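Engineer:
Residue numbers (the numbering used here): 35 to 257.
Listed below in structure tokens is the structure:
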């Protein structure tokens, strides 16, 4: 890592180009995207009883598409075919996730606004998702991709008869009191959709740096 940062100072283009020729950056993005989906499902949905909305499951799809693109590139990151396929799929997943996150931010802000007209013209969420390419993900993996909640409402909904541990109850009551999930609940700072968008921005910076190094070394400098 020290060698990488020193290389950025002396020869940034070749350092970035060589970096995206390795499996490390692709693996970091793939790991982060998969980790976000696992966190959303096992911690927020199963453990904290937060119901996923339509946009939430679309964001999961987009994250997994990004991970898929990176995994394909990891097969042989120096090969042109793997690199091109990896970038195309990852960028598609990135743009799709950004669009869904941005839409969910707008719905969340409208739902929690004091303005009675904030929801005017705003499309609600459906319990029947429509994934790209007609993929019936809600049928293949309903626990992961079937929306059961409303967009903008992500406070825990504990089912009757559920037995909660002390730690579980503490977290659930924390987010119920803040009327939803926030990175810092007492300040209502960074709702879940905003955190998803932030993760996309970080992934976009990674991909942009990788593409810049690759294009500059293999195409611009050789022209």
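The C-beta atom is built at its ideal place from N, Cα and C for all residues, glycine as well.
Because the structure is a prediction, the values reported are computed rather than measured.
Does DSSP put residue 217 in a helix, in a strand, or in coil?
Structural biologist: strand
Engineer: Quick one: what does DSSP say residue 55 is sitting in, helix, strand or coil?
Structural biologist: coil
Engineer: Taking only runs of the alpha helix (DSSP H) that begin and end inside the stretch 120 to 202, which ones reach a length of at least 4 residues, in chain order?
Structural biologist: Within the stretch 120 to 202, complete alpha helix (DSSP H) segments of at least 4 residues are found at 171 to 174, 176 to 179, given in chain order.
Engineer: Quick one: any contact between the stretch 219 to 234 and the stretch 104 to 120, if contact means 3 or more CB pairs under 8 Å?
Structural biologist: no
Engineer: If you follow the alpha helix (DSSP H) that residue 82 is part of, which residue opens it and which one closes it?
Structural biologist: Counting along the chain, residue 82 falls outside any alpha helix (DSSP H), and DSSP gives it neither H nor E.
Engineer: Using three-state DSSP, classify residue 45 as helix, strand or coil.
Structural biologist: coil
Engineer: The beta strand (DSSP E) with residue 224 in it runs from where to where?
Structural biologist: 223 to 225
Engineer: Which residues in the same chain have their Cβ closer than 6 Å to the Cβ of residue 92, if we skip the five residues on either side of it in sequence?
Structural biologist: 134
Engineer: By Cβ distance, which residues of its chain are closer than 8 Å to residue 241, with the 5 residues on each side in sequence left out?
Structural biologist: If we look at residue 241 and ignore the five residues flanking it on each side, its Cβ neighbours are 63, 121, 124, 125, 128.
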